[in-house]
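Right, one structure below, let's go through it.
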Amino acid sequence: MAKWWNKKILTAVLVISLLILISIYIIPIAIPLILALLTAIFLEPFVGFLQKRFKWQRKSAVITSFIVFLLIVSAFLYWTVTYLIARLIHFSQNMPEYINGLSSIWKEIQDFFLRSSEEMPVEVVDSFESELALFLEGIRDWVLTIVNYDSITNLLTGIPSFLVSFIVFLIALFLFMLDLDDLKRILFGRLKDSTAEKVRFMASRLNNVIFGFLKAQFLVSVIIFLVSLVALMFIAPEVALVMSLIIWVIDFIPILGSIIVLTPWFIYEFITGDVVQGTQLAVLALVLLIIRRTVEPKVMGSQIGLSPLATLIAMFIGLQLIGFLGFFIGPLIVILFTSAREAGIIKIDFKV
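For the sequence shown, this note's numbering begins at 46 and goes up steadily by one.
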């Protein structure tokens with residue numbers, strides 16, 4: 046009995062160790078291929094629909110699905126990039142005006158300080174001046190850490206690598222879409238009937254998890270969109286709908302989400318002198334972050350079949366181990382392990 050118990054524990058430890066090693070060393074360098082495979086699985090129902098609805102061969106259905114996917118991605122990228130470039134051009138054209146505005150604000154602050162400090166002790170004034178100088182130096186150093194030669198160089202040098210990965214992703218996606226049926230046939234052809242049944246159970250569970258995850262992200266993003274739209278109708282009504290839609294789309298990106306849009310925006314408003322609107326946008330960014338961090342684990346847990354606590358722990362550990370992708374991979378590994386245990390592939394039943 047003790048030998049059988051030890052064998053089960055050893056098997057579980059080996060499986061978990063193998064998954065951890067794959068997560069740390071293999072997955073980070075195979076990100077384009079993994080994303081391509083997941084996207085191909087996600088697009089497979091559409092391919093099947095085209096085959097059944099129009100009686101097409103698989104190749105024709107795959108080509109059509111791939112083209113539709115490319116058009117959607119291209120339209121989104123074109124819209125986002127052109128909008129950002131237009132805002133950057135507008136910012137650069139008005140830079141002298143912004144600098145003059147900042148100079149005026151700084152002069153007003155100095156005048157206010159001089160008027161307020163006339164009756165203050167010299168020690169208090171000197172202490173306040175030194176603290177203000179340290180605060181301004183901190184802001185300067187923070188800006189320099191974001192906008193400097195090294196950060197810009199790293200950003201520019203990372204563009205070719207991103208383009209190569211994106212091209213590999215598109216090629217792999219098309220090939221996976223073409224060969225997905227054959228890959229399934231090869232996989233199940235090498236399995237026993239009992240094992241094939243267990244794998245089908247895991248695949249069905251994983252398919253539900255993927256669609257559940259997307260549904261959870263969509264539900265959370267809808268909440269973010271509604272809150273953003275209502276808030277921006279009061280903060281910036283002229284761009285409320287457009288910016289809410291951008292926040293809604295960008296918010297699908299885990300961890301950062303809407304912060305990517307709102308942080309540059311409220312910094313921009315502070316630089317241009319609109320402190321009130323900048324503060325409102327900063328508060329909105331904080332509210333949206335709290336909503337996402339609070340609602341996301343519960344919604345995702347209900348959609349993918351994990352408790353909110355297990356989902357949060359899996360997200361956090363995955364994020365700490367392998368970074369951004371760990372947000373997805375953490376819960377995915379837990380689901381795979383749970384599915385394998387439910388299917389009888391992994392058997393763990395012991396008491397200490």
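Glycine included, every Cβ here is placed at the ideal spot set by N, Cα and C. The structure presented is a predicted model; accordingly, all values stated were derived computationally and were not measured.
Alpha-carbon spacing of residue i relative to residue j, whole angstroms
i           : j           : result
residue 322 : residue 307 : 12 Å
residue 314 : residue 357 : 34 Å
residue 379 : residue 361 : 13 Å
residue 376 : residue 270 : 25 Å
residue 127 : residue 309 : 16 Å
residue 291 : residue 56  : 47 Å
residue 206 : residue 239 : 44 Å
residue 171 : residue 337 : 44 Å
residue 231 : residue 84  : 20 Å
residue 262 : residue 256 : 10 Å
residue 106 : residue 372 : 32 Å
residue 218 : residue 318 : 47 Å
residue 228 : residue 248 : 13 Å
residue 149 : residue 334 : 33 Å
residue 59  : residue 383 : 16 Å
residue 277 : residue 117 : 27 Å
residue 381 : residue 303 : 30 Å
residue 87  : residue 233 : 20 Å
residue 236 : residue 113 : 35 Å
residue 280 : residue 272 : 12 Å
residue 328 : residue 265 : 19 Å
residue 305 : residue 168 : 42 Å
residue 251 : residue 282 : 42 Å
residue 215 : residue 79  : 12 Å
residue 95  : residue 138 : 49 Å
residue 294 : residue 93  : 27 Å
residue 274 : residue 102 : 44 Å
residue 67  : residue 108 : 32 Å
residue 99  : residue 224 : 20 Å
residue 355 : residue 97  : 40 Å
residue 72  : residue 156 : 58 Å
residue 131 : residue 326 : 20 Å
residue 69  : residue 175 : 47 Å
residue 340 : residue 212 : 35 Å
residue 259 : residue 364 : 18 Å
residue 46  : residue 209 : Low confidence applies here, because residue 46 scores a pLDDT of 48, under 50, leaving its location unreliable; read the following figure in that light. Roughly 54 Å separates the two Cα atoms.
Terminal residues of the alpha helix (DSSP H) in which residue i lies
i           : result
residue 290 : 285-295
residue 313 : 304-316
residue 96  : 76-99
Simplified DSSP state of residue i, which is helix, strand or coil
i           : result
residue 124 : helix
residue 178 : helix
residue 102 : coil
residue 385 : helix
residue 281 : coil
residue 235 : coil
residue 166 : coil
residue 319 : coil
residue 253 : helix
Any non-hydrogen atom of the ligand MG within 6 Å of residue i CB
i           : result
residue 270 : Of ligands this structure carries none, so the ligand MG is not represented either.
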